[in-house]
Amino acid sequence: MITNLKNIKTIISSKGVKATFQRIKIMEYLLNNKSHPTVEEIFIALVKQIPTLSKTTIYNTLNLFVEKNIVKTLNFSGVETRYDVVAKSHHHFICKRCRKIYDVNVECNFLCDENKVVNGNQIEEVTGYFKGICKKCLNNDKALN
Ligand SMILES: [Zn+2]
Ligand SMILES: [Zn+2]
C-alpha cells in the first residue's frame with residue numbers, strides 16, 4: 229500500500245509542497261477514500277481527529293494540491309466540486325439518484341489517450357462522464373419490488 233504516512237509525505241514533498249500534518253491527513257483521506265469527496269465530506273471525516281482543522285484549510289490545501297498536480301477537481305453539472313487524486317486517466321460515472329461518483333473502467337482506447345493529436349489539435353485533457361443509475365440504487369429498486 230502506498231498510503232502509509234511516510235509515503236504520503238514523500239508524495240507531497242516531491243511536488244515541492246511542505247508536508248504539514250494537516251496536508252498529510254487530507255492526502256491520506258483522499259488516497260483511502262476513492263469516493264471523490266467534497267470539502268464538506270473531508271471536513272466531517274477529519275475534524276474528529278484534528279479538532280483545529282477548518283474547512284478553509286481543507287479548501288486551501290486542495291487548491292494547492294490541484295496547482296501542484298497532485299489532486300484533480302471534478303466539476304459535474306448539478307453537484308458540488310469533488311476531488312480526486314491524480315491517477316491514471318480514468319472515466320467517471322455519476323448516479324442521478326444518489327449523486328455518488330464512481331470510477332469506471334471502460335475500454336475507450338481513443339478517449340483515454342491524452343496528448344493525442346486530433347485534426348491537428350493537441351488534446352491535453354478529456355472531460356466527460358457517464359450518467360445514469362448506479363448498481364447500488366438499481367439493487368435497492370430490486371429489493372423494494
Ligand atoms: Zn446511486
Ligand atoms: Zn476518479
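Just so we're aligned, residue 229 is where the sequence shown starts under this note's numbering, counting upward by one.
Backbone N, C-alpha and C fix where the C-beta goes; we use that ideal spot for every residue, glycine too.
Just so we're clear, the structure is a prediction, and the values are computed from it rather than from any experiment.
- In this structure CYS362 touches TYR330 by the C-beta definition: roughly 6 angstroms separates them, less than 8 angstroms.
- Of the heavy atoms belonging to ligand 1, none sits nearer than 7 angstroms to the Cβ of ILE329.
- Where THR355 is concerned, there is no enclosing beta strand (DSSP E), because DSSP gives it neither an H nor an E.
- CA-to-CA, the gap between TYR357 and VAL334 works out to about 12 angstroms.
- Burial state of ARG327 is exposed, judged by a 10 Å Cβ sphere holding fewer than 16 other Cβ atoms.
- VAL299 has its alpha-carbon roughly 13 angstroms from the corresponding atom of SER263.
- The count of Cβ pairs closer than 8 angstroms, one atom from the stretch 312 to 321 and one from the stretch 271 to 278, stays below three, leaving the stretches out of contact.
- When secondary structure is reduced to three states using DSSP, PHE321 falls in the strand class.
- PRO279 is classed as exposed because its beta carbon has fewer than 16 other beta carbons within 10 Å across all chains shown.
- The way I'd put it, the stretch 238 to 248 does touch the stretch 285 to 304; three or more beta-carbon pairs between them come closer than 8 angstroms.
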